[in-house]
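S.K.:
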Amino acid sequence: MAETSPLLAVTGLVAGYGGAPILRGIDLSVEPGEIVAVLGANGVGKTTLNKVLSGVLTPSAGEIRFDGERIDGAAAPAIVAAGLVHVPEGRKIFPDLDVHENLELGSYRRARANRAANLARVYDIFPRLAERRRQRAGTLSGGEQQMLAIGRGLMAEPKLLILDEPSLGLSPLLVEQMFTLIRRINTDGLTIMLVEQNVVQSLEIAGRAFVMENGRFVMAGAARDLAADPQLEKAYLGL
Amino acid sequence: MPFASAARAAGREFISNPVAPMFSPEIVATAVLNGLLTGAVYALVALGLTLVYGVLHIINFAHGALLTAAMFAVLVLKLWLGLDPYVAMVPLVPLFFIIGYALQRFVIGPASHGNDANILLVTLGLSILIENLLLAIFRSDTRTIDVPYAFMSIDLDFALLALPRVIAFGVSVVVAAALWALLALTDTGKAIRAVAKEKLGAALVGIDVAHVYAVTFGLGTACLAVAACLLMPTFYVSPRAGGAFVFVAFTIVVLGGMGSIPGALIGGLFIGVVESLSGLYFGESLGQIGIFAIFIAILLFRPTGLFGARA
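Heads up: the sequence lines are chains A and B, in that order. 262 is the number that our numbering gives the last residue of the first sequence; the numbers go up by one with no jumps. 341 is the number that our numbering gives the last residue of the second sequence; the numbers go up by one with no jumps.
1. For a contact meaning CB atoms closer than 7 Å, what does residue 115(A) contact in chain B?
2. With a cut-off of 8 Å on the beta carbons, I'd call residue 298(B) and residue 76(B) a contact; round off their distance for me.
3. Have a look at residue 295(B) and residue 182(B) and give me their C-alpha separation to the nearest angstrom.
4. For the beta strand (DSSP E) holding residue 183(B), just list the boundary residues, first then last.
5. Identify each residue in the segment 120-137 of chain A for which the Cβ-Cβ distance to at least one residue of chain B is less than 9 Å, and report them in chain order.
6. Taking the beta strand (DSSP E) that residue 243(A) falls in, what are its first and last residues?
7. Under a CB-based cut-off of 8 Å, is residue 135(B) close to chain A?
8. Name, please, each residue of chain B whose Cβ falls closer than 8 Å to the Cβ of residue 175(A).
9. Can you tell me where the alpha helix (DSSP H) holding residue 146(B) begins and where it ends?
10. Compile a chain-ordered list of the residues in the segment 93-104 of chain A whose CB is closer than 9 Å to at least one CB of chain B.
11. Kindly list, in the order they appear in chain C, the residues whose Cβ is closer than 8 Å to that of residue 111(A).
12. Could you name the residues of chain A that residue 220(B) contacts, counting a contact when the two beta carbons are closer than 7 Å?
13. Compare the C-beta of residue 269(A) with all C-beta atoms of chain B and state if any pair is closer than 8 Å.
14. For residue 179(A), return the contacting residues in chain B, with the cut-off set at a CB-CB distance below 9 Å.
15. Between 158(A), 195(A), 190(A), 184(A), which has its C-alpha nearest residue 169(A)'s C-alpha?
16. Could you tell me whether the Cβ atoms of residue 64(B) and residue 306(B) are closer together than 8 Å?
17. Between the segment 222-229 of chain A and the segment 54-71 of chain A, are three or more C-beta pairs nearer than 8 Å?
18. If we require 3 or more residues per run, which beta strand (DSSP E) segments fall completely within the segment 72-97 of chain A?
19. I'd like to know whether the C-beta of residue 223(B) is nearer than 8 Å to at least one C-beta of chain A.
20. Have a look at residue 254(B) and residue 144(B) and give me their C-alpha separation to the nearest angstrom.
21. What is the rounded straight-line gap between the Cα of residue 193(B) and the Cα of residue 60(B)?
22. Can you have a look at residue 232(A) and say buried or exposed, based on whether 16 or more other CB atoms are within 10 angstroms of its CB?
23. Can you tell me the Cα-Cα spacing of residue 123(A) and residue 216(A), whole angstroms?
24. The beta strand (DSSP E) spanning residue 44(A) covers which residue range?
25. Less than 8 Å between the beta carbons of residue 279(B) and residue 79(B), yes or no?
26. Could you name the residues of the same chain whose beta carbon sits closer than 7 Å to that of residue 69(A), not counting the 5 residues immediately before and after it, in chain order?
27. Cα-Cα, which of 199(B), 97(B), 230(B), 179(B) is closest to residue 67(B)?
28. Just to confirm the assignment, what range does the beta strand (DSSP E) spanning residue 192(A) have?
29. Apart from the five residues on each side of it in sequence, which residues of its chain come closer than 7 Å, Cβ to Cβ, to residue 170(B)?
30. In angstroms with no decimal places, state the Cα-to-Cα distance between residue 193(A) and residue 183(A).
31. Quick check: what's the CA-CA separation for residue 215(B) versus residue 81(A)?
32. Could you tell me the distance, in whole angstroms, from the CA atom of residue 51(B) to the CA atom of residue 292(B)?
33. Please report how far the alpha carbon of residue 114(A) lies from the alpha carbon of residue 173(A), in whole angstroms.
34. Assuming residue 99(A) and residue 79(A) form a contact by the criterion Cβ under 8 Å, report the distance between their Cβ atoms to the nearest whole angstrom.
35. Using a Cβ cut-off of 8 Å (strictly closer), state whether residue 217(B) contacts chain A.
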């Protein structure tokens, strides 16, 4: 039973700011081990969905189950403690702390006992961060900051890692590297929910995908099928 | 400020013959040393203010009233239980940490509704409330406590330094170092620095932001309890006593750079020396003119302060 139940199950989720709904009934599931892509144009509610999942925003209706437990309405620290870690859009690293301290705080709430081992692992994945260990995070380049944000997320040994627009603002070459890296982390056993505007590359690495439009999913299915579906472009562009 | 003038009056007793129009090097050196001693306590008060500003981005207008409350707490413990002001740190520092924590967590934070302007008003309201409560309980009389070591001094050949002020200096430096170590080396300290600049990022690594705010406020208030214990052996207390210190502390925070811990420390020592020297050269009642001249000059020429980040 436990093996077949999804890691994340969202049903009928409604949320918004000050009474204006942004999400109007979201159903979503993420199975252990897969990469799920959540796609959609700017402003359709992807970031709002992430904020609700990570406990920053309280939903007005619906249910979120993570690893079998209800987490809708739980506070952000409790959700991190449960193992759902959200690497936010815009990185949100700590600019005045150095790279090492940023990573240390990744294990503030979870996996603190394994901090040393996980630091070594993150530095192994991102040698660039190891080189800049004592540099203030605010002085890193955009790509390095994105690596740091992902590395900080990995420090908590997440069961599910939500990556919000990891390719945003990166050069095409870095975007390519970023997607390769996401696939590698997934191959190592981590379940990933990838929230992106970058449709083509996201569908290449994802197993399944959901396409959001106006606070609802309008398409869902295997990434390969969606990539071939002429409907996708229409939905994505909101035509 | 009476603290400085009392100190200098004490200094004058020790210096045998200050008749020359130009002060002798010994007198100037004594004034500088006394300024440093006073400045360390100023720095302690400023540390609490700058820490709260740096993390919560608010000016805590209740800082002065809380200092006054701490000074009265020292007085009460001395009068009722005969507790020495230095020993009083043991119960008062944790107590004021808890008071500060609770104020932020259950009063200031909830009352702000996420709006910094509200926090300003809430802390201002708190300061009025605290001051008037103290006024109702203790009346407006100035009170002092008697300790056997109040007039003991340390002889440096060229200068005599009042023992309580040397102790105050030493403890202030130790507290500042401990605060620095806390912020630099512990997870709690790193979380405080993280929250200061990136609330959302902090929440997403599982830092309880409301808790960290309250801890920060508690640390700021605990600094005041230390300052109160250091001040009471040589200073008086009245329901408005803390306000004068916070005025100076605010200058220090602006001088050192809003939110800068080293800035508060060095700024505090500097302001202490400025006050002492301008008191020496311009006379007692004008001792603070130097401070406020510097305050205005900083606002005009370097508004980010000496250690403040440039925008």
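Glycine included, each C-beta is placed from N, C-alpha and C at the ideal position.
M.R.: Quick look at the numbers:
1. Within 7 Å Cβ-Cβ: 228, 230, 231, 234.
2. Here residue 298(B) really is in contact with residue 76(B); their C-beta atoms are around 5 Å apart, less than 8 Å.
3. When rounded, the distance between both Cα atoms is 26 Å.
4. Residue 183(B) -> beta strand (DSSP E) spans 183-185.
5. Correct list: 120, 124, 125, 127, 128, 129, 130, 131, 132, 133, 135.
6. First-last of the beta strand (DSSP E) with residue 243(A): 239-245.
7. Output row for residue 135(B): interface = no.
8. Chain B residues near residue 175(A): 235.
9. DSSP places residue 146(B) in the uninterrupted alpha helix (DSSP H) bounded by 146-168.
10. Per Cβ criterion, the list reads 98, 99, 100, 101, 102, 103, 104.
11. Note that chain C does not occur in the displayed structure, where the protein chains are A and B.
12. Listed by position along chain A, the residues whose Cβ is nearer than 7 Å to that of residue 220(B) are 120, 124, 127, 128.
13. No answer is possible for residue 269(A): it lies beyond the span of chain A, which begins at 24 and ends at 262.
14. Within 9 Å Cβ-Cβ: 235, 236.
15. Looking from the CA of residue 169(A), the closest CA among 158(A), 195(A), 190(A), 184(A) belongs to 190(A).
16. Cβ distance < 8 Å, so residue 64(B) and residue 306(B) count as in contact.
17. Touching, yes, given that three or more Cβ pairs across the two stretches are closer than 8 Å.
18. You should have 84-89.
19. Judged by the 8 Å Cβ criterion, residue 223(B) is in contact with chain A.
20. Rounded to the nearest angstrom, the gap between the Cα atoms of residue 254(B) and residue 144(B) is 26 Å.
21. Within the model, the alpha-carbon separation for residue 193(B) versus residue 60(B) is close to 14 Å.
22. When all chains shown are included, residue 232(A) counts as buried.
23. Approximately 26 Å between the Cα atoms of the pair.
24. Element bounds for residue 44(A): 43-53.
25. Residue 279(B) places its beta carbon less than 8 Å from that of residue 79(B).
26. Only 61, 63, 218, 235 meet the Cβ criterion.
27. It is 199(B) whose Cα lies nearest to the Cα of residue 67(B).
28. Counting along the chain, residue 192(A) falls outside any beta strand (DSSP E), and DSSP gives it neither H nor E.
29. When the five nearest sequence neighbours on each side are left out, the beta carbons in the same chain lying within less than 7 Å of the beta carbon of residue 170(B) are those of 268, 269, in order along the chain.
30. About 24 Å.
31. Taking the straight line joining both Cα atoms gives about 34 Å.
32. Summary for residue 51(B): the model assigns pLDDT 47, below 50, so the residue's position carries little reliability; its value from the coordinates is reported in the next sentence. The alpha-carbon separation between residue 51(B) and residue 292(B) amounts to approximately 37 Å.
33. The alpha-carbon atoms of residue 114(A) and residue 173(A) are separated by roughly 8 Å.
34. That pair is a contact at about 6 Å.
35. For residue 217(B), the answer is yes, since a Cβ of chain A falls inside 8 Å of its Cβ.
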